[in-house]
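In our numbering, the protein residues as written are 45 to 421.
Where a beta carbon is used, it is the ideal one built from N, C-alpha and C, also for glycine.
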């Protein structure tokens with residue numbers, strides 16, 4: 045596969061396994077053991093970790109290509125890989141010795157929920173104590189570590205604290221429309237001590253230990269890049285499934301096969317154009333910003349806004365392509381044994397997440413006009 049990044053090739057090689065286990069992942073609402081082991085063996089949880097501890101430090105565009113390749117076969121697997129890698133960027137903000145201890149082993153996988161929970165960390169000698177409940181820790185099923193982003197009592201500081209999953213009580217809450225296999229569950233800790241060496245100011249230069257250009261990207265920008273890849277991959281999988289429909293397939297009441305229907309022909313062409321143009325916008329933006337960071341050390345606010353715009357646009361265009369071709373596929377698309385129904389559920393679930401929300405367009409437009417963005421993106 046000339047021109048294909050080796051990690052993308054590894055992702056494509058997993059398609060038979062992901063296709064085989066896709067229904068079981070969806071029904072069990074967690075990845076199968078075979079899939080988790082294959083992801084560990086293939087280094088898929090190390091893609092955004094520093095090379096100094098055995099990670100890959102992939103360029104953001106290559107990271108997006110990998111999540112896309114996985115999502116073409118199974119959206120939940122790609123989502124877990126993306127989320128886990130965003131968490132694993134923590135290694136760049138920890139003392140290298142601690143990072144190696146936590147993330148060096150194959151099962152050194154971290155999961156966490158988003159910030160915003162109304163809990164605080166209490167400073168104590170040697171570290172912090174926390175109690176609280178956090179939700180939506182995608183991939184927690186196969187994680188060894190959990191994390192919490194909390195305000196430090198008496199300050200305005202938001203600190204990320206990492207602790208063994210064995211310290212927490214897990215609650216199954218992930219009963220969703222799509223992406224059912226992500227195991228995005230809830231976790232609770234009570235009066236838990238976390239040593240200071242396993243805490244950080246995430247995305248803050250003061251705690252950044254690694255010099256590579258990857259770590260001049262914030263974790264939210266890399267989440268956006270990877271989840272845009274998930275959206276594009278789900279769409280690619282559905283477009284390819286549509287193209288694989290039997291040539292003689294005819295919708296009920298139609299006089300000609302589906303492939304000879306002018307509306308279907310037009311919808312297919314437009315879906316393909318949306319997919320390719322959104323993907324090109326995403327990758328070009330990521331590579332332009334990466335090259336700028338290599339030369340100048342940091343990205344501009346405008347460049348960060350363009351990453352958000354390209355990511356959100358990719359997710360929304362992917363949803364439009366999937367929805368159009370799902371309808372073109374006719375009644376066969378609604379059956380669970382066909383390769384359409386789960387992808388429709390998955391892409392709409394991706395779009396409902398923070399990464400795909402329409403509010404991002406407003407924020408990007410404000411920055412383009414020289415205003416302050418009213419909402420965090």
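Just to confirm the assignment: which complete alpha helix (DSSP H) runs, minimum length 4, are found wholly within the stretch 323 to 410? 345 to 372 and 385 to 396
List the whole-angstrom C-beta distance separating residue 55 from residue 281, where the pair is believed to meet the contact cut-off of C-beta under 8 Å. Residue 55 to residue 281, Cβ: 12 Å. No contact.
Looking at residue 383: is its Cβ nearer than 8 Å to the Cβ of residue 285? yes
With a 10 Å radius around its C-beta and 16 neighbouring C-beta atoms as the bar for buried, classify residue 132 as buried or exposed. buried
7 Å CB neighbourhood of residue 323 in its chain, flanking five on each side removed: 276 and 358
State the DSSP-derived secondary structure class of residue 423, mapped to helix, strand or coil. As displayed, the chain neither begins before 45 nor continues past 421, which places residue 423 out of reach and without an answer.
For residue 171, the three-state DSSP class (helix, strand or coil): strand
Do the CB positions of residue 356 and residue 414 come within less than 8 Å of each other? no
Taking the continuous alpha helix (DSSP H) assigned at residue 69, which residues delimit it? 59 to 72
Residues near residue 391 in its chain [Cβ-Cβ closer than 7 Å; skip 5 each side]: 275, 278, 279, 362, 363 and 366
Element boundaries [alpha helix (DSSP H), containing residue 110]: 104 to 115
Any idea what DSSP makes of residue 217, helix, strand or coil? coil
Using 8 Å as the threshold, is the C-beta distance between residue 426 and residue 114 below it? No answer is possible for residue 426: it lies beyond the span of the chain, which begins at 45 and ends at 421.
Between residue 45 and the rest of its own chain, which residues show a CB-CB distance below 6 Å, the 5 nearest in sequence each way excluded? Only weak support exists for where residue 45 lies, its pLDDT of 46 falling under 50; the value from the coordinates is given anyway. Hits under 6 Å: 53.
For residue 112, which residues in the same chain have their Cβ closer than 6 Å to its Cβ, ignoring the five residues on either side in sequence? 273, 276 and 277
DSSP three-state assignment for residue 235, whether helix, strand or coil: strand
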